[in-house]
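What follows is a set of notes on a single structure, which appears directly below.
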Amino acid sequence: MEEKREVVLSTVHEHGNPAIVDVAGWGLMLTDDLDDGGAIGLSLFVPTPQVADEGWLAVGGRLPEAAASCEVLDFQGEWREMTTGSGFWVGMVSGRPGVGPIARFRDASAELVPAELPADFSRTPAPEVEEDCFACGARAWELVAGSAEVEPLGYREEFEAAVCTRCGYAAEVGMLVSLETPEDFDPEQAREAAASHRASSLERLRPRLAAARFDIYAEAGGPYELAGHGGSSGDGLADPFAEGLDGLSPEEIRERLGEYNDGMTLTSVVVGAYDSPVRVTSELEEEFLGTEEELWDTLEGLVGEEVKWPESRAAIAVNHDHVRRVAHTAMRDAVFAQLSISLDGRPVAWEAARLGSHWVAVRTVGTTAITVSATGVEPEDIEIVRLTDAPRQLVPPTPPPFTTV
Ligand SMILES: [Zn+2]
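This note's numbering applies: residue 6 is where the sequence shown begins, and numbers increase by one.
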């Protein structure tokens, strides 16, 4: 961080020294440590700004004018009192990146005060939302949208969320949701686009599978279908998703997906039946998230219930946010311990995480990181084998729309 900075509000925690700082040329920022921390800008309205640091999150932001105190819901489900002053709040709580902690505010008589939204944001009542607020239990939603200049980078960042009018909790509208505006989205067309993408990408993929810089593994006995693949722009080519898919027609999305295959390096492959309860992902090790992250993210994905696709953007945002939060909360009970799975004919130890009938196991072999995830099937009942020398027949499956690895 730059030397020319003014500390607006800071606090001391055993896991860091989080602070709100005003940095010359950059504006207000939240950092997880004054001496040696990462930082994020506070230009845009963000409900609970956060900086992650190994299981701990620095949180902080602007205090609404009517608020006297701020509390944050941490990963253990406890509301923690934050340090407040100079019109800001700051603190540190246990948590994981992704689904962040929740901040809420109270006035001097302990009544909830909603987070203040920028005056130029649009606000539309959303009575159609069927879920209660995750933070306060009310059902009083608005669809809120706006943008802000990001200093000093000179671009505008967009914000769109379903916001609880009682406490200010915000369920942000994600990228996929942007596809679902009734005027430019036809589910049938999108499904065709996705299927056509799969068929054409498989043709393109065949030579790349052969040329992959990593080995590909699958469950012994097949079926050996290509159930997913991913790539990276590591060879210097532009990421076709960098600008998002907002406002594009299904035709344009199809083109964009095509570019993805033309311009990128293959980094992960899933071979197996798409609807199998066991999923085996082979990934180029240098692109791998890391064992703990992978176990965490994959298991959380398995635990989550099915999301809904109602017509309203606010209803989609709240439902998807709710599903994510429920899965994230359930992860408190996940057990992380090694287990044994047969690999190329002999039992070996895998790093693993389990929750109920769901489990995930990770092991690195050469340049490949293998992730096996399953629901309702026990590790001793499966065998993993290397396919790369003989990829047999790769048959394109019928995928649901817009599923990518
Ligand atoms: Zn609320």
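All residues carry an ideal CB built from backbone N, CA and C; glycine is no exception.
Contact check for F126 and G151: beta-carbon distance about 3 Å, within the 8 Å limit, so the pair qualifies.
The beta carbon of F93 sits closer than 8 Å to the beta carbons of V13, L14, I25, G65, G66, R67, L68 from its chain, once the five residues preceding and following it are set aside; these are given in chain order. In this structure, the C-beta of R111 stays at least 7 Å away from each heavy atom of ligand 1. The beta carbon of C75 sits no closer than 7 Å to any heavy atom of ligand 1. Distance from the CA atom of V149 to the CA atom of V28, rounded to whole angstroms, is 29 Å. The beta carbon of V274 is closer than 6 Å to those of I221, H234, S287 in its chain, skipping five residues each way along the sequence. For A140, the Cβ falls inside the 7 Å cut-off from some heavy atom of ligand 1.
DSSP lists E76 as the bridge partner or partners of R109.
The beta carbons of V365 and S378 sit about 4 Å from each other, so the pair counts as a contact at 8 Å. For the beta strand (DSSP E) assignment, the uninterrupted runs of no fewer than 3 residues enclosed by the segment 320 to 367 are, from N- to C-terminal side, 344 to 348, 351 to 360.
Looking at the backbone, the Cα of V390 and that of C75 are separated by about 53 Å. For H18, the beta-bridge partners assigned by DSSP are G21.
Contact between V98 and D79 holds, since their C-beta atoms are separated by about 4 Å, short of 8 Å.
R171 has its Cβ nearer than 7 Å to a heavy atom of ligand 1. Secondary structure note for V285: its beta strand (DSSP E) is the uninterrupted segment 283 to 289.
Secondary structure at L117: strand, using DSSP grouped into helix, strand and coil. In the structure shown, G306 adopts helical secondary structure according to DSSP, grouped into three states. Exclusion of the five residues before and after D338 leaves L360 as the residues of its chain whose Cβ lies within less than 8 Å of its Cβ. Between V328 and E356 the beta-carbon gap is near 26 Å, outside 8 Å, which marks them as no contact. When the beta-carbon positions are compared, E136 and V331 stay at least 8 Å from each other. Residue nearest to K9 within the set P23, E19, A354, W31 is W31 (criterion: CA-CA distance). Note on geometry: alpha-carbon atoms of A278 and G227 lie some 8 Å from one another. 8 Å or more divides the Cβ of L47 from the Cβ of P106. In the three-state DSSP reduction, L68 falls in the coil class, being neither helix nor strand. Rounded to whole angstroms, V308 and E133 show a C-alpha spacing of 27 Å. With a 10 Å radius around the Cβ and a threshold of 16 neighbouring Cβ atoms, T129 comes out exposed.
Counting along the chain, no beta strand (DSSP E) covers M87, and no H or E run does either. Between the alpha carbons of A44 and V95 lies a gap of roughly 13 Å. Here the distance from the Cβ of A322 to the nearest heavy atom of ligand 1 is not below 7 Å. Between C172 and A140, the CB-CB gap stays under 8 Å.
Here W146 is actually not in contact with V178; their C-beta atoms are around 12 Å apart, not less than 8 Å.
Residue state for D386 is assigned as helix, using DSSP reduced to three classes. The C-alpha of P315 lies about 35 Å from the C-alpha of A71. In this structure, T88 lies away from P119, with their beta-carbon atoms at least 8 Å apart.
Secondary structure note for A166: its beta strand (DSSP E) is the uninterrupted segment 160 to 169. Membership of L39 in any beta strand (DSSP E) is not indicated, and neither H nor E is assigned to it by DSSP.
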